[in-house]
Amino acid sequence: MERGEFIQKLGIGMVAVCAGCGIASCSSGSKNSNPAPAQPTPPAAGSGNLFSADLNSELLNTGDSKVINKVILVRLAAGNTSASFTAVQVVCTHQGATIGYSVSQGIFICPLHGSEFSKTGQVVQGPATAPLQQYTVTINNNILTVSA
Ligand code: FES
Numbered sequence: 001m002e003r004g005e006f007i008q009k010l011g012i013g014m015v016a017v018c019a020g021c022g023i024a025s026c027s028s029g030s031k032n033s034n035p036a037p038a039q040p041t042p043p044a045a046g047s048g049n050l051f052s053a054d055l056n057s058e059l060l061n062t063g064d065s066k067v068i069n070k071v072i073l074v075r076l077a078a079g080n081t082s083a084s085f086t087a088v089q090v091v092c093t094h095q096g097a098t099i100g101y102s103v104s105q106g107i108f109i110c111p112l113h114g115s116e117f118s119k120t121g122q123v124v125q126g127p128a129t130a131p132l133q134q135y136t137v138t139i140n141n142n143i144l145t146v147s148a
């Protein structure tokens with residue numbers, strides 16, 4: 001292939017690629033110019049076992065927490081009974097921010113707009129209006145299991 005022939009073919013190829021880009025840009029821009037942000041979905045009721053924690057080495061102190069699979073597990077008090085723990089969805093029901101647990105206040109707080117939820121996930125203060133989903137905590141031989 002001659003140098004001139006190569007450059008000519010390359011030029012045609014570049015135009016074809018650019019034309020394709022222009023068409024893709026126009027079509028994607030006209031479909032939806034303001035898509036809603038994707039909301040992470042916590043595990044639904046009936047999902048079964050979600051995760052486990054070994055209480056011999058994890059969650060040893062009040063306030064310790066573990067977040068897995070969009071669920072936050074928190075130790076509320078000493079002792080290895082299910083009453084010493086709570087597990088709720090970690091995704092705020094208002095606009096999907098990640099909530100955290102306040103040991104001093106004994107509630108879950110969303111840092112984005114200040115919604116507050118009880119230990120069982122009920123709304124204490126808005127703007128959230130829907131409760132957090134609470135999950136079942138069971139303990140057997142110091143192995144804690146969170147399930148839906
Ligand atoms: S996202 Fe949590 S209060 Fe708005």
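Position one of the sequence shown corresponds to residue 1 (the working numbering), numbered consecutively onward.
Every residue gets a Cβ at the ideal spot worked out from N, C-alpha and C, and that includes glycine.
Measuring CA to CA, which of the options is closest to residue i?
i	options	result
residue 63	85, 139, 126, 44	85
residue 149	92, 46, 124	For the chain, the structure presents residues 1 to 148; residue 149 sits outside this window and is missing.
residue 139	43, 97, 49	49
residue 96	147, 82, 109, 102	109
Taking all protein chains shown into account, decide if residue i is buried (16 or more other Cβ within 10 angstroms of its Cβ) or exposed.
i	result
residue 125	exposed
residue 134	buried
residue 42	buried
residue 148	buried
Mind checking if residue i is an interface residue toward chain C, Cβ cutoff 9 Å exclusive?
i	result
residue 67	No chain C is part of this structure, which consists of one protein chain only.
Going by DSSP, what residue range makes up the beta strand (DSSP E) through residue i?
i	result
residue 144	143-147
residue 136	136-140
**OP:** Take every Cβ of the segment 48-68, pair it with every Cβ of the segment 120-127, and state whether three or more of those distances are shorter than 8 Å.
**Re:** no
Subject >> Length-filtered (3 minimum) beta strand (DSSP E) runs lying within the segment 44-129 >> reply: 49-54, 65-68, 71-75, 85-89, 100-102, 107-109, 123-125
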